[in-house]
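Numbered by mature numbering (1 follows the signal peptide of the UniProt record, and there is no 0), the letters in the sequence shown go through residues -30 to -1, 1 to 310 in order.
Glycine included, every Cβ here is placed at the ideal spot set by N, Cα and C.
Reading through the structure tokens given below for one structure.
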Amino acid sequence: MNYPMTPKALRGLAAAAGLTAALAAGSALAQDKPGEGVEVIPLKSSIAEETFQTVLVNKALEELGYDVKPIKELEYATAYVALANGDGTFMADSWDPLHKDFYEEAGGKDKIYREGVYSPGALQGYLIDKKTAEEHNITNLGQLKDPEIAKLFDHDGDGKADLTGCTPGWGCEKVIEHQLDAFDLRDTVTHNQGSYSAIIADTITRYKQGESVLYYTWTPYWVSGVLVPGKDVVWLNVPFSSLPGERKDVDTSLPDGSNYGFQANEQKIAANLEFAEANPAAAKLFSLMKISANDISAENLLMRDGEDSEEDISRHADAWIKGHQKEWNEWLDQARAAAE
């Protein structure tokens, strides 16, 4: 026999239905925003041009619900220790293998999560202007042992070549310092260090004035969009492979037989291991995200031309996302699925 429901029963049914709907909505929210309420502290070095890659990761994490704090600037060696200790959450520009010593000294895979490749195909090395290279048949850094060749790149009158080098703390300076000894160049080459953006700007000015220039740089970076390899400048080979630390026996030769003295690098997203294990959505995202070296260089050139404010870089990131929306959505969908 069916009995009519009392007002109290109706209210109970309505409350139960409302609770079910609320639970369903909460479940949907949890699936869409698996990082809800979880704080993230992004780290980056003093290289302003690495902000773009970091902002892209920040924006993806925010779409997953994470509470992303302002970027904290630390030089690489300190940043790896901060990641290992949990004082930072992730760094979007972990250079592998350039940073191998920093990574291992901070605890390596036991402390730091680093899966996938964010940006492949990064090169580093020494370049000179094409005019001087062709006039004096210079193809190898070792030729600067000759004082007469070295003097071609002397800008301060001390008779030694002035090499626009690497900022202390970046990792590349250790390689350059090591190679100056290994290639017996101490007596003929001066490694000029300081703010890279300032000293490379001076180098470009000298080039435009018709002077011979010798400098270190890397890709992706805007410099090779201004001084174009093969057109304005040429890469120099090194006498032989020679790296410091744990990479002392590594062959730095490239597949085409060239040897610029540095291994080809990949940029990876490094994160605190405990965070990655507790946040599978973020960990999956870190392993999936990918951007080309050309896209990074193009954005860096915009920064070099004056579009370098936080608002500018955020706008550049939004434009990149719009141009890669399908990939972007797939990364986020796979990250959400990993959290279920």
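- Counting C-beta pairs with one atom in each stretch, the segment 107 to 121 and the segment 71 to 84 have fewer than three that are closer than 8 Å, which means they do not touch.
- For the 8 Å CB-CB criterion, residue 153 and residue 209 form a contact.
- Pairing residue 259 with residue 239 gives a Cβ-Cβ distance under 8 Å.
- Across the set 145, 127 and 228, the C-alpha of 145 shows the shortest separation from the C-alpha of residue 186.
- A Cβ-Cβ separation of about 4 Å places residue 62 in contact with residue 24 under the 8 Å criterion.
- For a cut-off of 8 Å, the C-beta gap from residue 141 to residue 230 is around 16 Å, too long to register as a contact.
- If you check the CB distance, residue 5 and residue 34 come in under 8 Å.
- When secondary structure is reduced to three states using DSSP, residue 167 falls in the helix class.
- With a contact defined as Cβ atoms closer than 8 Å, residue 264 and residue 192 miss out at about 12 Å.
- Here the segment 158 to 178 makes contact with the segment 123 to 135; the two share three or more CB pairs at distances below 8 Å.
- A Cβ-Cβ separation of about 18 Å leaves residue 222 out of contact with residue 237 under the 8 Å criterion.
- Residue 82 is bridged by DSSP to 242.
- Put simply, the segment 4 to 21 does not touch the segment 200 to 209. Fewer than three CB pairs are less than 8 Å apart.
- DSSP assignment within the segment 31 to 82 yields the following whole alpha helix (DSSP H) runs of 4 residues or more, N-terminal first: 46 to 55 and 70 to 75.
- Taking 8 Å as the cut-off, the Cβ atoms of residue 164 and residue 46 do not count as close.
- Non-local beta-carbon contacts of residue 121 in its own chain, meaning distances under 7 Å to residues more than five positions away in sequence, involve 129 in chain order.
- For residue 73, same chain residues with a beta-carbon under 8 Å away, outside a window of 5 residues either side, are 50, 64, 66, 82, 84 and 240 in chain order.
- Taking each of 18, 151, 179 and 214 in turn and checking the Cα distance to residue 276, the smallest one comes out for 18.
- Following the DSSP letters along the chain, one finds residue 89 in no alpha helix (DSSP H) but inside the beta strand (DSSP E) bounded by residues 89 to 92.
- Of the residues 48, 111 and 118, the one whose Cα lies closest to the Cα of residue 151 is 111.
- Taking residue 102 as the centre and dropping the five residues before and after it, the same chain places the C-beta of 108, 122 and 182 closer than 7 Å to its C-beta, in chain order.
- Membership of residue 214 in any alpha helix (DSSP H) is not indicated, and neither H nor E is assigned to it by DSSP.
- The residue from 245, 2 and 290 with its alpha-carbon nearest to that of residue 267 is 290.
- Short of 7 Å from the beta carbon of residue 287, and not among the five residues preceding or following it, lie these beta carbons of its own chain, in chain order: 22, 25, 26 and 29.
- Secondary structure of residue 177 (DSSP, three-state): helix.
- Nearest neighbour of residue 189 by Cα position, chosen from 44, 211, 245 and 97, turns out to be 97.
- When secondary structure is reduced to three states using DSSP, residue 200 falls in the coil class, being assigned neither helix nor strand.
- The Cβ atoms of residue 305 and residue 255 sit closer than 8 Å to each other.
- Taken through DSSP and simplified to helix, strand or coil, residue 108 comes out as coil.
- If you draw a 10 Å sphere on the C-beta of residue 257, you find 16 or more other C-beta atoms in it, and that means buried.
- At least 8 Å separates the beta-carbon of residue 9 from that of residue 42.
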